Amino acid sequence: MSLLKPKQPAILGLDISSTTVKLLELSKADGHYKVESLAIEPLPDDAVSEKNIQDPEAVGECIQKALKKSGTKAKNAAVAVAGSAVITKVITMPANLADNDSELESQIEMEADQYIPYPLEEINLDFEVIGPSADNPETIDVLLAASRSENIEMRTTALEIANLKPKIVDVEAYAIEKSSSLITEQIEEGEDNRIIAVVDIGATMTSLNVIEDGHLIYTREQSFGGKQLTEEIMRRYGLSYEEAGRLKKAGGLPDNYIPEVLEPFKETIAQQVGRFLQFFYTAGQHSNVSLIALAGGCASIPGIDELIESQLETPTVIANPFANMSLSPKVNPQSLSNDAPSLMIACGLAMRSFD
């Protein structure tokens with residue numbers, strides 16, 4: 009144990025969704041994670057539309073409120089862009105470049121315009137060496153990721169307004185890949201190559217992220233989420249959007265709400281998940297999914313896991329990456345338990361502290 013080794017400053021995981029900012033800080037000792045601070049702050053309407061920031065000032069102010077609420081002293085943050093805002097491509101490069109990052113980088117930049125449909129000066133580009141190509145020992149596989157610079161700048165601007173330093177800009181699917189390791193360690197029973205489908209159903213977007221043996225092998229997004237349930241409550245009972253959202257969470261809706269509104273919405277979710285999995289199965293030669301993990305705000309709807317499991321005949325759980333973590337005294341265990349499924353992205357981002 010090195011007593012002189014400087015402690016790495018924590019990196020806050022900040023998930024900026026369409027309706028909320030979720031802030032999470034983790035620490036790690038002896039291989040065990042601890043939740044140090046947590047806050048979820050609602051965003052003003054139209055500050056973010058389908059995960060694209062429209063008003064960085066409003067988002068920055070919201071982050072400031074979350075920082076104050078959480079009590080964290082951390083100043084570094086990791087954020088993520090949605091998969092729909094990123095182009096990823098696995099390319100092959102000569103193996104002799106693997107040990108020379110600067111040469112590999114300049115070679116990739118020279119070739120990137122073949123794969124990216126935007127001028128290079130309008131994008132942010134990154135890459136990661138995956139390893140030797142399976143069919144040719146003379147080449148390596150490299151994962152290339154690119155996003156329009158404005159997507160990155162909107163996020164970093166919002167962080168800077170909140171006096172945070174942007175350390176990492178990730179992709180939501182890779183943040184989920186990271187935090188899904190905490191789900192699999194709870195359920196694995198010695199089986200190798202289990203295929204886990206993490207279905208993240210947020211307010212306006214749903215994503216499917218399929219993970220095999222710890223690696224993301226498929227991702228897909230589409231517009232669908234809990235906002236549709238809120239709008240149906242609003243329409244059915246003549247409520248404002250805010251009131252419909254509040255009663256959806258707190259209870260107090262008329263007796264016919266569950267059979268006539270909630271149950272049909274749960275059926276729609278099950279159909280959407282089934283459709284997502286069909287896209288995955290028809291996309292390539294993959295084994296069947298062995299487990300569905302439900303994430304996002306809609307995962308908290310009572311009984312949604314049992315319904316999906318019975319309809320799709322696939323074991324289904326509610327994602328909780330914090331099941332084996334300890335908590336600092338300032339973190340409310342009940343709040344964390346309630347919000348756990350919607351914190352998969354924030355958790356994966358906060359785990360970047362320990363890379």
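So the working numbering is basically just the index in the sequence shown, starting at one, shifted up by 8. Ideal placement from N, C-alpha and C gives every residue a C-beta, glycine not left out. Please read these numbers as outputs of a predicted model, since none were measured by experiment.
Legend entry - Proximity winner among Val150, Val297 and Val56, relative to Leu112 (alpha-carbon distances): Taking only the C-alpha atoms, the option nearest Leu112 is Val150.
Legend entry - Cβ separation of Leu172 and Ile71, assumed to be a contact under 8 Å, to the nearest whole Å: Indeed, because the Cβ distance is near 7 Å, the residues count as touching under 8 Å.
Inset, instruction - Could you tell me whether the stretch 327-342 touches the stretch 33-47, where touching means 3 or more Cβ pairs closer than 8 Å? - result: yes
Inset, instruction - Leaving out five residues on either side along the sequence, give the residues of the same chain with a beta carbon under 8 Å from the beta carbon of Val297. - result: Ile203, Ile204, Ala205, Val218, Leu285, Phe288 and Thr322
Legend entry - Cα-Cα separation, Pro349 to Asn104: 43 Å
Legend entry - Cβ distance (whole Å) where Ile209 is taken to contact Gly304 below 8 Å: 4 Å
Legend entry - Three-state secondary structure (DSSP) of Tyr41: Tyr41 falls in the strand class under three-state DSSP.
Inset, instruction - Take the Cβ of Leu32 as the centre, count every other Cβ of all protein chains shown within 10 Å, and call the residue buried at 16 or more, exposed below. - result: Leu32 is buried by the Cβ-count criterion.
Inset, instruction - Have a look at Ile48 and Thr28 and give me their C-alpha separation to the nearest angstrom. - result: 7 Å
Legend entry - 7 Å Cβ shell around Ala291 - same chain, five flanking residues per side excluded: Counting only Cβ-Cβ distances below 7 Å, and skipping sequence neighbours, we find Tyr226.
Inset, instruction - Given a cut-off of 7 Å, decide if Ala358 and Gly21 are closer than it, judged by their beta-carbon atoms. - result: yes
Legend entry - Environment of Ala55 [buried if 16+ CB atoms lie within 10 Å]: buried
Legend entry - Within 7 Å, strictly: CB atoms of Ala354 and Val325: no
Legend entry - Local conformation of Pro102 per DSSP, three classes: strand
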